[in-house]
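*Asks:* This is the structure I have questions about; it appears just below.
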Amino acid sequence: MADLKPVRTYLGMPLYRPKTAFFELSSCEGCQLQLLNNEASLLDFLSLLDIVNFREAMTEKSDEFEIAFIEGSVTRSDEVERLKEIRKTANTLVAFGSCACFGGVNQMKNRLGSEWVKKEVYGDHPVESGFARPLEDIVTVDLKIFGCPIKKKEVEKIIINIALGKAVVHPVYPVCMECKANENICLFDLGEPCLGPITRGGCDSWCPNSRFGCWGCRGPADDANIDQLREIMKKHGFSEETLRDRLECFGGFSKYTEAFRKNPEKKKEGK
Amino acid sequence: MKITTNINIHHLARVEGHGNIRIKIQDGRLQEAKWEIVETPRFFEALLVGKKWENAPWICGRICGICSIGHTLASIRAIENAFGIVPTNQTRKLRLLLKHMETLQSHILHLYFLSAPDFLGTGSVFPLMESQPDVVRRAVRIKQLANDICDCIGGRRIHPTRTIVGGFTMLPEKKELEAFRSRLKEITGDLLITAELFQTFHIPDFTRETEFVSLKGDSEYPFIGGDLISTDGVTKKEQEYRQMTNEYCVDQSTSKWARLSRKSFAVGALARLNNNFSFLHPAAREIADRFSLKPVNHNPFMNNIAQLVESVHVVNESLALVDEILDSAWEEPKQTVTPQSGVGVGAVEVPRGILYHCYEFNDTGHILKCDCVIPTSQNHANIQFDLEELAAHYAKTGKQDREIELLAQMLVRAYDPCISCSVH
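Heads up: the sequence lines are chains A and B, in that order.
If you're matching positions, the first sequence starts at 24 in our numbering and goes up one per residue.
If you're matching positions, the second sequence starts at 132 in our numbering and goes up one per residue.
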């Protein structure tokens, strides 16, 4: 395990530790937990940042921070206000995980309409909840970290880049490339559906490594060719529904799933 | 001196999710004590309607970041029960081992990172990294082992990838399991030192009689499936879970509340232990004895100790499970799944208490209805009534407002609430 060093150095110079805050909107808090969860590098990781807000782990809090990591999607008016407040303070606002980037699994309810879902779960008891939206529908997002959940190693790399003032660049190639490089048996050859050919890489083909087909949690790769994937799926005997379920799951492919289902509310809001 | 105070804690820290505590005391008399849940609902039970069965475990695991393995297993069990699939012994053992390691990582996260700072007088675990690095290193070591085993069996620690209806997508390497055996043995020592640490803490002496609900052990301490039991003498079948939970809506909470024989009941480590004490591993019993913890214990703060006792139990049982798995030859990892119409219920003891998933399917395996009853939603009413009694009691005995505020927070934390999970 890492030694407890208060300050990291880079080329002999002490590394600047940015004041960092973590916040969560509608989410499972799993992405924040990922940070506490990779024990081998936890203490090392913490030495990179000056964490001033992390409600899941600490009582102290501060309104002064430079970087805000925000997990979760926006579903209620108080979250809109909170998000705008955070934006006022943060120099760098990071959409942390698929819910913040795309709406995540929460946006699956959008296809059904808010009134029906409220009635289904709460009956006549009044509850406020609207369309599940990604952060960028409300505020400017400086950086997106994809994944459900996020991958700690990737986050560490990104944070080191932020601390050094380097640009953060996401892979443009799909998960499929990483899966091939990992010498996995192709999921299609195992009789399983997979979105690996169209989903943005960077996860090191996390799910396919476990012989579990990709569900597209990181959204589309650059130049994702959905029509080609539809052909591959068809050739292997998978239904249009199987493809749709996966494209709809995390919200990253919403511009493609519109073609499958028209959302009445989304239309109303003019988005 | 009779105190007058207004305690207002917005978004309580060191718990999962968003809850507020409000307490008003006037001249030493309690005016109001409230446990409010302001978490935004995500509507998992609605968003699955119309989707095929295979979506459910993958999506429902995302109800919770801490106990995603438990949710995935409850979802899988509900589907297997609906489709008439009986898991093989191999699958059962691997699932239980995976479950045990989630229990261990969650309990250790709660005991060291969320709960211990209150007893050690710090705001978080972070200052302890400098003042008591050995304590933090120990916590990290135990949690890491638990998570490493979850990675090995489930594919990853959060939102697992290998756990599917019918079994597993692939199996761990036996040499990996072999390596975990020695690490599990080492951890038993770490847990003894953890017990010594908690023996130095002053656990508040507060009791309020309530009912405790959990799975009912047959021949062993129960975690996955089986009958349901309460300390007030109620027993039900797994598929009758609605008669055990009786959920209803309240204004102060976006999570539903639950009740059984009284106005509230509790689930979790203390509830499991109160109902199944005789099935604990002897090493776990020994830890319980050190803290004079025996059934039926009505002190909610003892849930911390019950988690510690369970940690010892699951590590010892995991050692035996690893041996059993290593002693047998690998069978096929998964069975074929044929959907059929019907209703299936899966009850699983997750770290914070008993969790139920229930789905109704049509004959093509599409979901018609979905219901998930979360441990923390079953605990909210009990927390509310505990909070009232605790605040009234300590206001009367002349405790200072700061002390009452701390005790109120510690009380809620003792339940290890998973609030976003409870609202789902």
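Even for Gly, the Cβ is constructed at its ideal location relative to N, Cα and C.
Look at the alpha carbon of V440(B) and the alpha carbon of E167(B), and state the distance between them as a whole number of angstroms.
*Replies:* As a working note, residue 440(B) is residue 309 in the second sequence. As a working note, residue 167(B) is residue 36 in the second sequence. Answer to the nearest angstrom: the Cα atoms are 30 angstroms apart.
*Asks:* At what residues does the alpha helix (DSSP H) containing G320(B) begin and finish?
*Replies:* Within the second sequence, residue 320(B) is the residue found at index 189, counting from 1. That run of the alpha helix (DSSP H) goes 305-330.
*Asks:* Would you list, in sequence order, the uninterrupted alpha helix (DSSP H) runs of no fewer than 4 residues that lie entirely inside the region 414-494 of chain B?
*Replies:* DSSP runs (the alpha helix (DSSP H)) wholly in the region 414-494 of chain B: 434-458.
*Asks:* With H, G and I counted as helix, E and B as strand and the rest as coil, what does DSSP make of N286(A)?
*Replies:* Start at 1 with the first residue of the first sequence, and residue 286(A) comes out as number 263. At N286(A) the pLDDT is 46, less than 50, meaning the model places this residue with poor confidence; the figure from the coordinates comes in the next sentence. Note: N286(A) maps to coil in three-state DSSP.
*Asks:* Let me know if R312(B) comes out buried or exposed under the rule of 16 or more other beta-carbons within 10 Å of its beta-carbon.
*Replies:* Residue numbering aside, residue 312(B) sits at position 181 when the second sequence is read from its first letter. The residue is exposed, with fewer than 16 neighbouring Cβ atoms inside 10 Å.
*Asks:* With a Cβ-Cβ cutoff of 7 angstroms, do H238(B) and S442(B) count as a contact?
*Replies:* Taking the first residue of the second sequence as 1, we reach residue 238(B) at position 107. Taking the first residue of the second sequence as 1, we reach residue 442(B) at position 311. The answer is yes: Cβ separation under 7 angstroms.
*Asks:* Assign P482(B) to buried or exposed, taking buried as 16 or more other Cβ atoms, counted over all protein chains shown, within 10 Å of its Cβ.
*Replies:* Here residue 482(B) is taken as the residue at index 351 of the second sequence, counted from 1. Under this definition P482(B) is a buried residue.
*Asks:* Taking the CB atoms as reference points, tell me whether T319(B) and V504(B) lie closer together than 7 angstroms.
*Replies:* Counting from 1 along the second sequence, the entry for residue 319(B) is found at position 188. Counting from 1 along the second sequence, the entry for residue 504(B) is found at position 373. No, the pair does not count as a contact, with Cβ atoms beyond the cut-off.
*Asks:* Give me, in chain order, the residues of the same chain whose beta-carbon lies closer than 7 angstroms to that of E369(B); leave out the 5 immediate sequence neighbours on both sides.
*Replies:* As a working note, residue 369(B) is residue 238 in the second sequence. For E369(B), where only same-chain residues beyond five positions count, the Cβ hits under 7 angstroms are G356, G357, D358, L359, V476, A478.
*Asks:* At which residue ranges does the region 136-170 of chain A contain complete alpha helix (DSSP H) runs of 4 or more residues, listed in the order of the chain?
*Replies:* Listed in chain order, the complete alpha helix (DSSP H) runs (minimum 4 residues) inside the region 136-170 of chain A are 137-145.
*Asks:* For the region 472-487 of chain B, enumerate the residues whose C-beta is nearer than 7 angstroms to any C-beta of chain A, in chain order.
*Replies:* Against chain A - using a Cβ distance shorter than 7 angstroms - the region 472-487 of chain B contributes no residues.
*Asks:* Specify whether the region 526-545 of chain B and the region 409-418 of chain B touch according to this definition: at least 3 beta carbon pairs, one from each stretch, less than 8 angstroms apart.
*Replies:* Segments in contact, no.
*Asks:* Take R78(A) as the anchor and find which of L48(A), V97(A), I221(A) has the nearest alpha-carbon.
*Replies:* Counting from one through the first sequence, the residue named residue 78(A) turns up at place 55. Ranking the options by Cα distance to R78(A), first place goes to L48(A).
*Asks:* Flag this pair as touching only if the region 139-152 of chain A and the region 206-217 of chain A have three or more C-beta atom pairs under 8 angstroms; answer yes or no.
*Replies:* Counting Cβ pairs under 8 angstroms, fewer than three are found: no touch.
*Asks:* Tell me which residues share the same chain as H241(B) and place their Cβ nearer than 7 angstroms to its Cβ, disregarding the 5 neighbours each side in the sequence.
*Replies:* Walking along the second sequence from the start, residue 241(B) turns up at place 110. Once the five neighbours on either side are set aside, the close Cβ partners of H241(B) are Q438, D547.
*Asks:* Assuming N137(B) is part of the beta strand (DSSP E), what are its boundary residues?
*Replies:* By 1-based counting over the second sequence, the position of residue 137(B) is 6. Note, N137(B): beta strand (DSSP E), 136-140.
*Asks:* Please confirm if G53(A) has its CB atom under 7 angstroms from at least one CB of chain B.
*Replies:* Residue mapping note: residue 53(A) aligns to position 30 of the first sequence, counting from 1. Answer yes: the Cβ-Cβ gap between G53(A) and chain B drops below 7 angstroms somewhere.
*Asks:* What residues in the region 170-190 of chain B bring their beta carbon closer than 9 angstroms to a beta carbon of chain A?
*Replies:* Here the close residues are E170, T171, P172, R173, F174, F175, E176, A177, L178, L179, V180, G181, K182, K183, E185, N186, W189, I190.
*Asks:* According to DSSP, is E315(A) part of a helix, a strand, or is it coil?
*Replies:* Look at the range of chain A in this structure, 24 to 294, and you will see that residue 315(A) is not part of it.
*Asks:* Whole-angstrom Cβ separation of G192(B) and P335(B), contact assumed at under 8 angstroms?
*Replies:* Translated into positions along the second sequence, residue 192(B) becomes position 61. Translated into positions along the second sequence, residue 335(B) becomes position 204. Contact doesn't hold; Cβ gap of about 35 angstroms is too wide.
*Asks:* Which partner residues of R153(B) appear in the DSSP bridge assignment?
*Replies:* Taking the second sequence and counting its residues from 1, one reaches residue 153(B) at position 22. Answer is N139(B), K165(B).
*Asks:* Which chain B residues are close to R234(A), counting only those with a beta carbon under 8 angstroms from its beta carbon?
*Replies:* Position 211 of the first sequence, counted from the first residue, corresponds to residue 234(A). Ordered by position in chain B, the residues that pass the 8 angstroms Cβ test against R234(A) are R293, T300, M301.
*Asks:* What's the call for S100(A), buried or exposed, on a 16-neighbour Cβ count within 10 Å?
*Replies:* Sequence index remark: in the first sequence, residue 100(A) carries index 77 (1-based). Exposed, since its Cβ has fewer than 16 Cβ neighbours within 10 Å.
*Asks:* Pull up the CB-CB distance for L245(B) and R145(B), whole angstroms please, since I reckon it's below 8 angstroms.
*Replies:* Within the second sequence, residue 245(B) is the residue found at index 114, counting from 1. Within the second sequence, residue 145(B) is the residue found at index 14, counting from 1. About 4 angstroms; that satisfies the 8 angstroms criterion.
*Asks:* Using 8 angstroms as the cut-off, can you tell me whether the region 210-228 of chain A makes contact with the region 236-243 of chain A, which would need three or more C-beta pairs spanning the two stretches below that distance?
*Replies:* Enough Cβ pairs lie closer than 8 angstroms, so yes.
*Asks:* Quick test of your reading: I295(B) and P188(B), contact by CB under 8 angstroms. State the CB separation rounded to the nearest angstrom.
*Replies:* The count along the second sequence starts at 1 and reaches residue 295(B) at position 164. The count along the second sequence starts at 1 and reaches residue 188(B) at position 57. Sure, about 7 angstroms apart at Cβ, within 8 angstroms.
*Asks:* Can you tell me whether M36(A) is buried or exposed, with buried defined as 16 or more other CB within 10 angstroms of its CB?
*Replies:* Residue 36(A) sits at position 13 when you count from the first residue of the first sequence. Exposed is the call here.
*Asks:* Got a sec? Which residues, its chain only, sit under 8 angstroms from S137(A) by beta carbon, not counting five neighbours each side?
*Replies:* Working through the first sequence from its first residue, we reach residue 137(A) at position 114. For S137(A), where only same-chain residues beyond five positions count, the Cβ hits under 8 angstroms are S152, G153, F154, E288.
*Asks:* Counting only Cβ pairs nearer than 8 angstroms, list the residues of chain A close to N407(B).
*Replies:* Locating residue 407(B) in the second sequence gives position 276, counting from the first residue. Ordered by position in chain A, no residue passes the 8 angstroms Cβ test against N407(B), which lies about 28 angstroms from the chain.
*Asks:* Rounded to a whole number of angstroms, what is the C-alpha to C-alpha distance between F174(B) and D158(B)?
*Replies:* Position 43 of the second sequence holds residue 174(B). Position 27 of the second sequence holds residue 158(B). Whole-angstrom Cα-Cα distance: 43 angstroms.
*Asks:* Note down, in chain order, every chain B residue with its Cβ under 8 angstroms from the Cβ of E102(A).
*Replies:* Locating residue 102(A) in the first sequence gives position 79, where the first residue counts as 1. Those within 8 angstroms of E102(A) in chain B are T171.
*Asks:* Starting from N428(B), find everything on chain A with Cβ-Cβ shorter than 9 angstroms and list it in chain order.
*Replies:* Counting from one through the second sequence, the residue named residue 428(B) turns up at place 297. Chain A residues near N428(B): none, gap ~28 angstroms exceeds 9 angstroms.
*Asks:* Alpha carbons only, please: which of L34(A), E104(A), F125(A) is nearest the one belonging to K278(A)?
*Replies:* For the purposes of this step, residue 278(A) is identified with residue 255 of the first sequence, where counting begins at 1. If we check each option's Cα against that of K278(A), F125(A) comes out closest.
*Asks:* Could you confirm whether any beta carbon from chain C is found closer than 7 angstroms to the beta carbon of N60(A)?
*Replies:* Absent from the structure: chain C. Protein chains present are A and B.
*Asks:* Which value, in whole angstroms, describes the spacing of the CA atoms of L106(A) and E215(A)?
*Replies:* Walking along the first sequence from the start, residue 106(A) turns up at place 83. Walking along the first sequence from the start, residue 215(A) turns up at place 192. For L106(A) and E215(A), the distance between alpha carbons rounds to 39 angstroms.
*Asks:* Return no unless some Cβ of chain A is closer than 7 angstroms to the Cβ of C281(B).
*Replies:* Numbered from 1 along the second sequence, position 150 holds the residue referred to as residue 281(B). So no, C281(B) is outside the interface.
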